[in-house]
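Counting in the UniProt record's numbering, the sequence shown runs from 1 upward without gaps. Reviewing the structure listed below.
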Amino acid sequence: MSDDDGMRVRREVLGDAHVDRAQAATTEFTADFQDLITRYAWGEIWTRPGLDRRTRSCVTLTALVARGQLDELAMHVRAARRNGLTIDEIKEVLLQTAIYCGVPAANAAFAVAQRVLAAETGEDSGEDAA
1 MSDDDGMRVR REVLGDAHVD RAQAATTEFT ADFQDLITRY AWGEIWTRPG
51 LDRRTRSCVT LTALVARGQL DELAMHVRAA RRNGLTIDEI KEVLLQTAIY
101 CGVPAANAAF AVAQRVLAAE TGEDSGEDAA
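What follows is the structure in structure tokens.
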């Protein structure tokens with residue numbers, strides 16, 4: 001895959017606004033890292049034919065919960081919606097993580113996802129629920 005393929009997929013999955021912010025924040029120090037993730041994460045992995053983007057989003061959400069990467073989780077909840085996952089499907093992925101990644105990790109993930117989804121739908125986030 002080319003660098004152009006990686007950037008195309010990155011924009012399709014994360015959205016132009018996110019990618020534009022990341023590009024604008026790139027410095028001489030971070031430029032090589034930005035290039036690496038565009039070429040390898042987006043150009044090599046996300047373009048492989050073995051899994052569709054919905055499935056890749058499910059796997060990514062689970063991995064981010066397992067590792068406690070909540071900032072990345074917020075970004076990938078938005079990406080999962082862009083990749084066609086419903087709110088109920090995201091909820092099911094997070095419920096699954098409660099068993100395999102632990103209840104505290106899933107609890108934190110639900111709080112992040114609820115904020116992201118509430119912002120998307122304009123609903124009250126109900127953050128006191130957990």
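Built from N, CA and C at the ideal position, the CB exists for glycine as well. Computed from a prediction, not measured in an experiment: that's the story for all the values here.
- Task: Would you identify the three-state DSSP class for Asp71, choosing helix, strand or coil?
- Result: Position 71 of the sequence shown holds residue 71. Look at Asp71 here: in three-state DSSP terms it is helix.
- Message: Determine whether the beta carbon atoms of Ala66 and Cys101 lie at a separation below 8 Å.
- Response: Counted from its first residue, the sequence shown places residue 66 at position 66. Counted from its first residue, the sequence shown places residue 101 at position 101. Cys101 is positioned such that its CB atom lies closer than 8 Å to that of Ala66.
- Can you tell me which of Ala109, Arg10 and Arg82 puts its alpha carbon nearest to the alpha carbon of Leu94? Sequence index remark: in the sequence shown, residue 94 carries index 94 (1-based). That would be Ala109, whose Cα lies nearest to the Cα of Leu94.
- What is the rounded straight-line gap between the Cα of Trp42 and the Cα of Ala105? As a working note, residue 42 is residue 42 in the sequence shown. As a working note, residue 105 is residue 105 in the sequence shown. Per the coordinates, the alpha-carbon of Trp42 lies some 26 Å from the alpha-carbon of Ala105.
- Query: I think Arg82 touches Val9, with their Cβ atoms under 8 Å apart; what is that distance to the nearest whole Å?
  - Reply: Position 82 of the sequence shown holds residue 82. Position 9 of the sequence shown holds residue 9. With 8 Å as the limit, Arg82 and Val9 do not qualify as a contact, their Cβ atoms being about 11 Å apart.
- Can you tell me whether Gly122 is buried or exposed, with buried defined as 16 or more other CB within 10 angstroms of its CB? The residue labelled residue 122 in the question sits at position 122 within the sequence shown. Looking at its Cβ environment, which holds fewer than 16 other Cβ atoms inside 10 Å, Gly122 is exposed.
- Message: Quick check on Phe29: does DSSP put it in helix, strand or coil?
- Response: As a working note, residue 29 is residue 29 in the sequence shown. Coil at Phe29, not helix or strand.
- Message: I believe Thr55 touches Thr97 by the beta-carbon criterion, under 8 Å. Please report the beta-carbon distance rounded to the nearest angstrom.
- Response: On the sequence shown, position 55 is the one that residue 55 refers to. On the sequence shown, position 97 is the one that residue 97 refers to. For Thr55 against Thr97, the beta-carbon gap comes to about 15 Å, at or over 8 Å, which does not count as contact.
- Does the beta carbon of Val116 fall short of 7 Å from some heavy atom of the ligand ADP? For the structure depicted, the ligand ADP is absent and the ligand set is empty, with no information on it obtainable.
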